[in-house]
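Trainee:
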Amino acid sequence: MFHEPVETFAARLRLSPGSSWVAEAGGQVLGYFFTHPWAGETPPPLGRALQQLPANQDTHFLHDLAVHPQARGRGVAPRLVEAALDWGRQRGLKFTRLVAVAGAAPFWRKWGFKPVATAPAYGDDAALMALPVESQRITTSQTAA
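Per the UniProt record's numbering, the sequence shown runs over residues 1 to 145.
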């Protein structure tokens, strides 16, 4: 699995503090989701701290979703994804994009994401995936994932 430098995450949090979430219970972190606004179809540079967000933002880029193994199957990921999709819709961003790595594409397909390109810089099986905002309807089958 690919690990980016802490500075990469810190920069994204600094530039867009309202677009990332932590799930916790009893003081224990169950999962997190780092996202940020972006522009265009090309993902942000891999492993580099952003100095600023682009102008003309039209995309909500879902950067990193992780759930602690002991919290899986408890609805943590769907709640984090719902919060992120809602955030992007509220801001009027036209697209939601991500790079699915380590076999995660099937998870994202459940949410309506479609592969649009390969992303070899992220690994052999990495896929750039996109979801138009008008397709972002949450269903009960998704929240049960």
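In this text, a Cβ means the ideal position worked out from N, Cα and C, and glycines have one as well.
Quick check on the DSSP output: the alpha helix (DSSP H) that includes Gly88 runs from which residue to which?
Mentor: Your numbering for residue 88 matches position 88 in the sequence shown. Element bounds for Gly88: 76 to 90.
Trainee: Got a sec? Which residues, its chain only, sit under 8 angstroms from Gly18 by beta carbon, not counting five neighbours each side?
Mentor: Walking along the sequence shown from the start, residue 18 turns up at place 18. Cβ within range, chain order: Trp87.
Trainee: Do we get a CB-CB distance below 8 angstroms when we pair Ala84 with the residues of chain C?
Mentor: In the structure shown, chain C cannot be found, because there is only a single protein chain.
Trainee: Taking the straight line between their C-alpha atoms, what separation do you get for Arg97 and Asp124?
Mentor: The residue you call residue 97 lines up with position 97 of the sequence shown. The residue you call residue 124 lines up with position 124 of the sequence shown. About 19 angstroms.
Trainee: Among the residues of its own chain, which have a CB less than 8 angstroms from the CB of Thr118, if the five just before and after it don't count?
Mentor: Numbered from 1 along the sequence shown, position 118 holds the residue referred to as residue 118. So the list reads Ala126, Ala127, Leu128, once near-sequence residues are dropped.
Trainee: Go through its chain and collect everything with a Cβ distance to Asp64's Cβ below 6 angstroms, but skip five positions before and after it.
Mentor: Within the sequence shown, residue 64 is the residue found at index 64, counting from 1. Phe34, listed in sequence order.
Trainee: Judging by CA-CA distance, which residue of Phe107, Val101, Phe61, Ala130 is the nearest neighbour of Pro120?
Mentor: Residue mapping note: residue 120 aligns to position 120 of the sequence shown, counting from 1. Minimum Cα distance to Pro120 is reached at Val101.
Trainee: Skipping 5 residues on each side, what residues in its chain have a beta carbon closer than 7 angstroms to that of Trp108?
Mentor: The residue given as residue 108 occupies position 108 in the sequence shown. Within the same chain, Trp108 has close Cβ partners Leu98, Ala100, Met129.
Trainee: Gly31: buried (16+ other C-beta within 10 angstroms of its C-beta) or exposed?
Mentor: Reading the sequence shown from its first residue, position 31 is the one you call residue 31. Label assigned to Gly31: buried.
Trainee: Taking only three categories from DSSP, how would you classify Gly26?
Mentor: Position 26 of the sequence shown, counted from the first residue, corresponds to residue 26. Coil at Gly26, not helix or strand.
Trainee: Quick one: what's got a C-beta closer than 8 angstroms to Glu7's C-beta in the same chain, skipping five residues either side?
Mentor: On the sequence shown, position 7 is the one that residue 7 refers to. Ala49.
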